[in-house]
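*Asks:* Let me begin by handing over the structure; questions about it come next.
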Amino acid sequence: MEQATRTQAQTNRPFDMDVKAIRAKARQDIESGAVTDTYRADRQTVLKLLNEALATEIVCVLRYKRHYFMARGLNAEPVAAEFAEHATQEQDHADRLSERIVQLGGEPNLSPKGLLERSHSEYVEGTSLEDMIKENLIAERIAIDSYRQMIEYIGEQDTTTRRLLEEILAVEEEHADDMSDFLAKR
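Remember, my numbering sits 338 above the position in the sequence shown when you count from 1.
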């Protein structure tokens with residue numbers, strides 16, 4: 339490990355926090371809310387990425403909802419139930435992303451105009467239950483790679499956003515496993 343990347347704890351230096359300076363800084367730029375002068379990420383880029391993730395989640399909600407209502411055929415009931423559960427979880431992701439966007443001083447872009455252009459995943463309806471499962475698996479794989487790249491880009495610059503994206507990524511991986519399991523049973 340390079341010396342430049344070591345933390346105070348790793349170098350055995352005593353921890354010395356200047357509480358007075360922290361208090362004084364907290365009173366400055368109070369309209370910035372949770373974003374303090376120690377925020378190291380490029381906020382505009384992070385907001386753009388979060389709004390793209392938000393669009394992706396909304397498209398996933400819409401696709402899962404359609405698939406829930408359109409699922410037909412033998413053994414469609416458990417698959418439809420999984421589609422409904424995933425739609426609810428994707429909506430939760432959208433809500434959490436929106437909250438973080440606002441925390442960072444941005445505005446969640448919930449406009450239907452340009453939604454598909456902002457989204458990383460596509461909206462493909464699918465004609466059969468198997469097609470629907472495949473399209474959802476493809477969308478989850480897109481989300482997984484997108485979140486991994488965002489997490490890598492953000493790194494240690496914005497640990498709160500990184501943790502949020504890591505939590506969402508874990509659920510997207512579970513969703514992909516669920517869809518893959520359904521395909522294996524067919």
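Ideal Cβ positions, reconstructed from N, Cα and C, are used throughout, including at glycine.
Within the segment 461 to 499, note down every full beta strand (DSSP E) run reaching 3 residues or more, in order along the chain.
*Replies:* Counting whole runs of 3 or more residues, the segment 461 to 499 contains no beta strand (DSSP E) stretch at all.
*Asks:* Which of the three DSSP states is assigned to residue 416 in this structure?
*Replies:* Reading the sequence shown from its first residue, position 78 is the one you call residue 416. Three-state DSSP puts residue 416 in a helix.
*Asks:* Please say whether residue 384 and residue 515 have beta carbons closer to each other than 7 Å?
*Replies:* Numbered from its first residue, the sequence shown carries residue 515 at position 177. Numbered from its first residue, the sequence shown carries residue 384 at position 46. Cβ distance not < 7 Å, so residue 515 and residue 384 don't count as in contact.
*Asks:* Return the CA-CA distance between residue 396 and residue 517, expressed in angstroms with no decimal places.
*Replies:* Residue 396 sits at position 58 when you count from the first residue of the sequence shown. Residue 517 sits at position 179 when you count from the first residue of the sequence shown. Going from the Cα of residue 396 to the Cα of residue 517 covers about 19 Å.
*Asks:* Do residue 418 and residue 406 have their C-beta atoms within less than 7 Å of each other?
*Replies:* Position 80 of the sequence shown, counted from the first residue, corresponds to residue 418. Position 68 of the sequence shown, counted from the first residue, corresponds to residue 406. Contact flag set, yes.
*Asks:* Between the C-alpha atoms of residue 479 and residue 363, what's the straight-line distance to the nearest angstrom?
*Replies:* Your numbering for residue 479 matches position 141 in the sequence shown. Your numbering for residue 363 matches position 25 in the sequence shown. Distance between the alpha carbons of residue 479 and residue 363: 42 Å.
*Asks:* Buried or exposed: which applies to residue 488, given that a residue is buried once 16 or more other Cβ atoms fall within 10 Å of its Cβ?
*Replies:* Within the sequence shown, numbered from 1, the residue matching residue 488 stands at position 150. When all chains shown are included, residue 488 counts as buried.
*Asks:* For residue 442, name the three-state secondary structure that DSSP assigns.
*Replies:* Along the sequence shown, read from residue 1 onward, the residue named residue 442 stands at position 104. Residue state, collapsed to three classes: coil.
*Asks:* Determine the extent of the alpha helix (DSSP H) in which residue 360 is found, giving its start and end residues.
*Replies:* As a working note, residue 360 is residue 22 in the sequence shown. Residues 357 to 365.
*Asks:* Following the continuous alpha helix (DSSP H) through residue 392, name the residue where it begins and the one where it ends.
*Replies:* The residue labelled residue 392 in the question sits at position 54 within the sequence shown. From DSSP, the alpha helix (DSSP H) with residue 392 extends over 381 to 408.
*Asks:* Quick one: measure Cβ to Cβ for residue 399 and residue 428, integer angstroms, because I've assumed they're closer than 8 Å.
*Replies:* The count along the sequence shown starts at 1 and reaches residue 399 at position 61. The count along the sequence shown starts at 1 and reaches residue 428 at position 90. Between residue 428 and residue 399 the Cβ distance is about 5 Å, and since that is below 8 Å, they are a contact.
*Asks:* Do residue 446 and residue 439 count as a contact pair if the criterion is CB distance below 7 Å?
*Replies:* What you label residue 439 is simply residue 101 of the sequence shown in a count that begins at 1. What you label residue 446 is simply residue 108 of the sequence shown in a count that begins at 1. Cβ distance < 7 Å, so residue 439 and residue 446 count as in contact.
*Asks:* Excluding five sequence neighbours on each side, which residues of the same chain lie with their C-beta closer than 6 Å to the C-beta of residue 470?
*Replies:* Residue numbering aside, residue 470 sits at position 132 when the sequence shown is read from its first letter. The answer, listed in chain order, is 405, 464.
*Asks:* Taking 6 Å as the limit between beta carbons, can you name the residues of its chain near residue 521, skipping five residues before and five after?
*Replies:* Stepping through the sequence shown from its first residue, residue 521 is reached at position 183. These residues qualify, in order along the chain: 471.
*Asks:* Measuring alpha carbon to alpha carbon, tell me which of 513, 408, 382, 356 ends up nearest residue 441.
*Replies:* Mapped onto the sequence shown, residue 441 falls at position 103. Here the closest residue by C-alpha is 382.
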